[in-house]
Amino acid sequence: MRAYVRWPLVLIMIFLVLGLYHWAKAVHLFEVIEVYDGDTILIEDGRKVRLIGVDAPEVESPYRQEEPFGIQSKDYLRDLILHKKVSLNLGDTPLDKYGRTLAYVYLGDVLINGRIIRDGWARAYRRFEYTHKDLFIAYEKEARARSIGMWQD
């Protein structure tokens, strides 16, 4: 009789563990509702997200002067992801000193952080270490060599 009771409990536990594993691995999608500049966005849950490894030219704000290509960089990112669903892969440090979420942003399989650098509308951030730093620096060199985006003549 004990075996008849034990096996269903074991099966229930297995299904619970598998279900929790699947839930933990699920990709959560967020709509981008605003693009502040070429490296900062606002997603539907209210979080400001700073793209890890991306150093885009600044747009005009009360705190900063506009830099050359700042508007074009912002427009490029806006055209890529505004009102689209993206997924986030958080970095080792979850927030920057301004309280923004630090993340790699994906649109489907496309790593947006790398895409904006590769297409010449941002630089690779060099001040600290992060997972894709070498790749992003290579993307920047490629964009410069191709004279595209802000590297055009």
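Numbering (the working numbering), first residue to last: 23 to 175.
We treat Cβ as the ideally placed atom computed from N, Cα and C, and that holds for glycine.
Helix, strand or coil at Y98 [DSSP, three-state]: As a position in the sequence shown, residue 98 is number 76, starting the count at 1. Note: Y98 maps to helix in three-state DSSP.
Residues bridged to A109 by DSSP? Sequence index remark: in the sequence shown, residue 109 carries index 87 (1-based). For clarity, residue 109 is Ser in the given sequence; the question names Ala instead. Paired residues: L51, Y128.
Do you know how far the Cα of E80 is from the Cα of I170? Your numbering for residue 170 matches position 148 in the sequence shown. Your numbering for residue 80 matches position 58 in the sequence shown. Each residue's Cα considered, the two are about 18 Å apart.
For R140 and D156, what's the separation of their Cα atoms in angstroms? Position 118 of the sequence shown holds residue 140. Position 134 of the sequence shown holds residue 156. Using only the alpha carbons, I get a separation of about 13 Å.
Using CA coordinates, which residue listed in V108, G142, Q87, K163 is at the minimum distance from Q94? Working through the sequence shown from its first residue, we reach residue 94 at position 72. Comparing Cα positions, the closest option is G142.
For A146, the residue or residues it bridges with in DSSP: The count along the sequence shown starts at 1 and reaches residue 146 at position 124. DSSP lists V76 as partners of A146.
Here's a check: name, in chain order, each residue in its chain whose Cβ is nearer than 6 Å to the Cβ of Y43, leaving out the five neighbours to either side. Working through the sequence shown from its first residue, we reach residue 43 at position 21. Caution applies to Y43, whose pLDDT of 47 falls short of 50 and renders its modelled position unreliable; the value that the coordinates give is listed next. Once the five neighbours on either side are set aside, Y43 has no close Cβ partner at all.
Proximity test, Cβ basis, 8 Å: Y120 and chain C: No chain C appears in this structure, which consists of one protein chain only.
Determine the burial state of T115: buried for a count of at least 16 other Cβ atoms within 10 Å of its Cβ, exposed for fewer. As a first step, residue 115 is located in the sequence shown; it is residue number 93 there, counting from the start. Answer is exposed; the Cβ neighbour count stays below 16.
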